[in-house]
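Take a look at the structure below.
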Amino acid sequence: MDFSLTDEQNKLRQEVRDFLDQKLKSGAFQITSNGWIESFSQDFSREMSRKGWIGMTWPKEFGGQEGTYLDRAILMEEMLRYQAPIGYHFLSDRQVGPAIIHFGSKDQKETILPKIINAEVSFALGFSEPDAGSDLVSVRTSATEEGDHYIINGQKVWTTGAHRADYIWTLVRTDPNAAKKHKGLSEFIIDLKSPGVTVRPIINMAGVHSFNEVFFDNVKVPKENMVGEKNRGFYQIMAQMDYERAGLERLMQNYPLFEYLVEYVKKEKRNGEPMCKDPKVRNTLAQLEIEYQIGRLFCYQVAWTLTQGRLPNYEAALCKAYCTQFEKRLSDAATRILGLYGQLMPGSKWAPFQGDAASSYLWSVSYTLQGGTVEVLKNIIAMRGLGLPLG
Amino acid sequence: MDFSLTDEQNKLRQEVRDFLDQKLKSGAFQITSNGWIESFSQDFSREMSRKGWIGMTWPKEFGGQEGTYLDRAILMEEMLRYQAPIGYHFLSDRQVGPAIIHFGSKDQKETILPKIINAEVSFALGFSEPDAGSDLVSVRTSATEEGDHYIINGQKVWTTGAHRADYIWTLVRTDPNAAKKHKGLSEFIIDLKSPGVTVRPIINMAGVHSFNEVFFDNVKVPKENMVGEKNRGFYQIMAQMDYERAGLERLMQNYPLFEYLVEYVKKEKRNGEPMCKDPKVRNTLAQLEIEYQIGRLFCYQVAWTLTQGRLPNYEAALCKAYCTQFEKRLSDAATRILGLYGQLMPGSKWAPFQGDAASSYLWSVSYTLQGGTVEVLKNIIAMRGLGLPLG
Amino acid sequence: MDFGLNEEQEILKKTAHNFLTKECPTSFVKETIKDEKGYSPELWQKMAELGWMGLIFPEQYGGMEGSFLDLAILLEEMGNVCLPGPFFSTVILGGLPILKGGSDKQKEDFLPSIVEGKSIITLAITEPCAKYTPNGIEVRATKSDKGYILEGTKLFVPDAHIANHIIVVARTTEGTGADGITLFIVDSKTTGISCSPLLTIAGDKQFEVVFDKVSVSKDNILGAIDNGWSVIEAIWPKVIVAKCAEMVGGAQKSLEMTVNYAKERKQFGRPIGALQAVQHYCADMVSDVDACRYITYMAAWTISKELPAIKEASMAKAWCSDAFKRVTANGQQVHGAIGFTEEHDLHLYYKNAKSWELLFGDRDVHCEIVAEQMGL
Amino acid sequence: MDFGLNEEQEILKKTAHNFLTKECPTSFVKETIKDEKGYSPELWQKMAELGWMGLIFPEQYGGMEGSFLDLAILLEEMGNVCLPGPFFSTVILGGLPILKGGSDKQKEDFLPSIVEGKSIITLAITEPCAKYTPNGIEVRATKSDKGYILEGTKLFVPDAHIANHIIVVARTTEGTGADGITLFIVDSKTTGISCSPLLTIAGDKQFEVVFDKVSVSKDNILGAIDNGWSVIEAIWPKVIVAKCAEMVGGAQKSLEMTVNYAKERKQFGRPIGALQAVQHYCADMVSDVDACRYITYMAAWTISKELPAIKEASMAKAWCSDAFKRVTANGQQVHGAIGFTEEHDLHLYYKNAKSWELLFGDRDVHCEIVAEQMGL
């Protein structure tokens, strides 16, 4: 057992921090909860690319660094601590690239992976549909073979960043007659500029245009844009999910709020005494600190497992379920500790730390829903991790 | 709306209190959590009978007082506050009598009801079986017609007080071939002294012999002991459950612990200051007080509904689910406030209030299980109260 | 004991429900909270015509002399539709102190005008230290030739931008206790008053109000000099329970929306309401909502009977603060992504729940009061 | 980073698991906690032969010089089977202070004897005020001709009835702080010492120990006069984390029992483990157990590396206190009535969880320490 990092890993962390400190000073971004995915900057992503921080764990043959998942965890931990604007490449780096490495054709690997690594292309993920949320098997968007193309028809929803990305990575139905519904799905890469694609914004309750509906009306997609095997898309996605669920981004979406809050209660006085002397405040923040440290251990445990060359089984689901619930408690506790100030939104006069608490309380609704609800994750833990029977 | 009691109701409460104060002074019982059902005193029940406090809500024609359910709630509230020894008649009064009034034959009404009211007979309830806990429909104990008798074979379990009661009120299978399993069940009254009945004690984790296994080996039961309609037993029981679930006994099983605790922290000092000056203690006890008062309102709401001549629908299930969870929090909070003293059991030197906290923490395991688990109750609330579909 | 409403209350409830459902749909709510004014003068007038602003004021001022319980019923319906606007400020925060502490002249000056919907009033009590206790009052009223000079900053003052008058809680004598605090009814257009809007989570209108050498006359004093806190203290249980009544209505509606959604929304081939996890969320929600209702109405009834209600009010606010929030959070979890969108209505309740939890003190604040009332 | 055990640790874990599963079945546990002695001298001797009592003591005293991490692994297995007896008292509460603060002679007197299983030692720290802080120490040691006179009452002293020696934390100089506290190693048969048993929820053996003019010599002092608390302070993270390690083992076993039961027990025609509510309970349990394990081993590793571990230890104890309790309560709820019986084994864990929550401070106590460590 060893809970320390190697000198090299510490060096990497310092390097990332130095980079971010410098960018922060130059005004490239601000530290705001939920900012990491909302801020979309190809320039910033290009700079990260030059550092070798995109595709960090990928094989060298695809332009990667062959770094470990622990290295990537360290990188991500710092990115999230600073809430650096990594929205442009984040999904491609975390999910699209690894999926192509696992399932893509030689051609896809050669054409797409370098573009991702060089921050020349941005991806959105199109899995959910109006009637297929937790129940992905019910996906209805169809792909029909026609010559050297597929014709895509249907609708995706909750597509983060589709209004800014170049491509959308989708799960669609290629065999409407499959006896088992999950055996008729395939994965496609679709150019969002294709004729017949319409992107309609959805404004979330925090007032932000973060996700979209994406409509496909007879969209022609070349056959070579199918990823992996026809009708095996569901299985491919299940494997990809473990990567999606593993990351520190599930723990640190609103991490700045925690640091702001701890600093705030140390300085801010109420009737002459620093707020941190209030036993309730102390108890709450200590509990959050413990929960945060545990979440961090969960995340690093998953990264360590991946680094060992093993796939996290139930642990990725457990990590995400635990961490997203922590983030919710954090945002609620922050608003309560701030009292009346806890209701002040970004941009408001008198708002402590730019209204991060109130804003995060709104965003937090999505934490336990996105990428598998807490309930679905718990079922996965029970069935896959503990061997309990199908419910 | 009116949250006060009438003068008559207040008079009743005072009368009950005076009676209990006098009995307490005479050493008839001690105030101990969970004592009310564990203490089994025919003498005490006879005295209550003379006061008209058994069968209080029953029609006068059966020897009852035709009091309201609110009157009974007041009576029970005081009995539970004092944890008076009402184990002898409690189940008969709450459940067996009303079931006979609703479903019993003329003969049953004439012979059994007076005996209950006069505290001449004590009943146990035999519903659960090893394979039929939450799933009562699976009851397997069988009753086979044979001349003017039924022959009972099988086993009941978790039968509170069967080692002390005269009769057991059972749910048994009269039609093993019924297409729908719940349409083959009937209710019987069985004399526990019948040949073929064996009662085996079960010691609970608090070290108390509180419940039993009851075995039936070719037990002959006269046909007239069947209650209500043949094969309608399951429906009859569902109706009875609403009464079972409604009572203050679900809120106040460990009520003395709460009063002891509040008094204790006011008096007891730690390093010179009364424990009640600790912000954490204040917060915890205030929260418990609020939760208790809400539980009390839930109970009185159910009693009021019954007094109005309406059956509580989901409210009885809700009340029990809420109240039993409160009792668990209470016992946990009590042990924590007491710190190291919280681990001391009844009979121990240095145990605050006779070890009520530790003992109650053990008993509390059963609170959310008996008479319908919290999970089953929540399903009832969802389906019966909110009309959600069968899960 | 009687957990039911009487006939008039049933009518009041039904009338209010029907009127508000029609006049205050969520589309209206969403528009209005984005609007700078934050209320509709037309709707305001209609409400006055229904007698709502006068519901609890004496007949001599044009009111209906209803009970506080009646007002709670009305507020529950307002919370049920997230009614935006200055009703709470004007009637509860403005009207009640005047009724309690005002001179005959002040009552005649203000109450009929409130009742008729002509006057909007608010209360400026909290300051940058964000407390509702006497030691939180630092705005000063210094004696001058003509009366008093107000100086200082009030924060989180609701509806200050549309209020004709602001009741200002100020310190006339040095100290930190309740003694030495005086209330002033101040014309909001008095020289030296400036308002800056705050952006709040629920979109309700709150303001920083700065008093820069604001000159007021002795006639503006509400109640006795140095003894203004007693007025606040007297109305405070009403303020708290009025907010709880709104929370009950909001929680009820959140529950209904969620149950309906659980019945309609299908996943895995059947309504999600058939999933045990969803059933348990919904069961927890109804338990929370019923508890909110009973504990709030017990407090409202206690106030109506003019019995001491400090403990009852704090029990209600402590509970509702947590429970309404929990109900909306559970509701969101059942709704999934759709509830996270601005198009959907649930977020209105989710936001109100957080806002109202923080207003007038959250669970911890009120648990401390309950502890005190328990003799701890 | 490495979350795995090394080869020797795997062997230690497996050996301990196999040995304890065989030698300490729940039937043995139930008998033993009902027995007055509360342990089996035969098993005690076998454990000594396995080298467990000497696991972390230096070789010169017959120990194996293992790391604290090794000890944590062993303790986890002990918690896994609810091992009754004085291992924790003797090795952790007795041995560690002697190793830390003892003179060479004291180490030679006591450590080999501990390692060989010949000596049972305990620590008398808490008193009727039930605190683990210096201001909780009121038992006095007054200077006399021959040494010191101990006077006062210690409470909750584990295994005092079988201990050969008791380390007594006493005040040699007036005050309430850490200064002025001295440790004494006292022969338990010294005149004036009387023990009365307490009945505890978990059936472990704790005692009131009254010191009535107990005469001890200067040689009995452990560490420096007036500076005994520094020894307690130095070993305290180890004490706390050692208890957490036991909790990890208990939580793990509770989870396993519950999952197995959920797979076997049928209701409504299928295993209850197919019910979503049961699945979610089990998922919460495994989350709690994994969290207990990681946070505890992080603390144990920190101690092994001789790094400051106050915060790590308190984080572990704060979390495990709640989580082990939650795991056993959820386990009980899944088991239903069967788990409430004495015949079943689950209550052993349910009781240990409550007992160990309260021992050495519960969540609130340790959150306060974490807060301090955070600079709050």
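Taken in sequence, the protein lines are chains U, A, Y and G.
Read in the numbering used here, the first sequence has 1437 at position 30, and its numbers run on one by one without any break.
Read in the numbering used here, the second sequence has 1485 at position 78, and its numbers run on one by one without any break.
Read in the numbering used here, the third sequence has 235 at position 217, and its numbers run on one by one without any break.
Read in the numbering used here, the fourth sequence has 113 at position 95, and its numbers run on one by one without any break.
Built from N, CA and C at the ideal position, the CB exists for glycine as well.
Residue i at chain G interface by Cβ criterion, 8 Å
i         : result
Leu293/Y  : yes
Gln1437/A : no
Gln1700/U : yes
Gln1449/U : no
Reduced DSSP category for residue i - H, G, I as helix; E, B as strand; rest coil
i         : result
Thr218/G  : strand
Gln1700/U : helix
Leu1637/A : Note that residue 1637/A corresponds to Lys in the displayed sequence, not to Leu. Here Lys1637/A sits in coil by DSSP.
Val1564/U : strand
Gly1533/U : strand
Pro1753/U : coil
His1616/A : strand
Glu1722/U : helix
Ile138/G  : coil
Ile74/G   : coil
Residues that DSSP places opposite residue i in a beta bridge
i         : result
His1556/U : Glu1553/U and Pro1629/U
Leu168/Y  : Ala159/Y and Val232/Y
Gly246/Y  : Answer is none; Gly246/Y lacks a bridge partner.
Ile211/Y  : Phe229/Y
CB contact check: residue i to chain Y, cutoff 8 Å
i         : result
Lys1743/U : Strictly speaking, residue 1743/U in this sequence is Arg, with Lys absent from that position. Closer than 8 Å: yes.
Arg1488/A : no
Gln1750/U : yes
Ser1755/U : yes
His14/G   : A query on residue 14/G cannot be resolved here, the shown segment of chain G reaching from 19 to 394 and no further.
Within-8 Å CB hit, residue i to chain U
i        : result
His384/Y : no
Val15/G  : This structure cannot speak to residue 15/G, because chain G is shown only from 19 to 394.
Gly357/Y : yes
Asn153/Y : yes
Leu173/Y : yes
Val352/G : no
Phe128/G : no
Leu23/G  : yes
Contact with chain A by residue i, beta-carbon distance below 8 Å
i        : result
Val186/Y : no
Tyr57/Y  : no
Gly393/Y : yes
Lys335/G : no
Pull out every residue of the stretch 1703-1720 of chain U whose Cβ sits closer than 9 Å to any Cβ of chain G, in chain order.
Leu1704, Phe1705, Tyr1707, Gln1708, Ala1710, Trp1711, Thr1712, Thr1714 and Gln1715
Cβ-based contacts, 7 Å cut-off: residues of the stretch 1676-1687 of chain A near chain U:
Pro1686 and Lys1687
Listed from N- to C-terminal order along the chain, which residues in the stretch 258-288 of chain G have their beta-carbon within a distance smaller than 9 Å of any beta-carbon of chain A?
Arg283, Lys284, Gln285, Phe286 and Gly287
Contact set between the stretch 210-223 of chain G and chain A, restricted to residues whose Cβ is under 8 Å from the partner:
Residues Ser214, Pro215, Leu216, Leu217, Thr218, Ile219 and Ala220.
Taking three-plus beta-carbon pairs below 8 Å as touching, is the stretch 1420-1429 of chain A in contact with the stretch 1470-1485 of chain A?
yes
Counting pairs of beta carbons, one from the stretch 1621-1639 of chain U and one from the stretch 346-355 of chain G, are three or more of them closer than 8 Å?
Flag = no, the stretch 1621-1639 of chain U and the stretch 346-355 of chain G do not touch.
How do the stretch 23-32 of chain G and the stretch 91-98 of chain G stand: do at least 3 beta-carbon pairs fall below 8 Å, yes or no?
yes
Stretch-stretch touch, CB-based, cutoff 8 Å, three pairs: the stretch 1610-1619 of chain A with the stretch 1765-1778 of chain A:
yes
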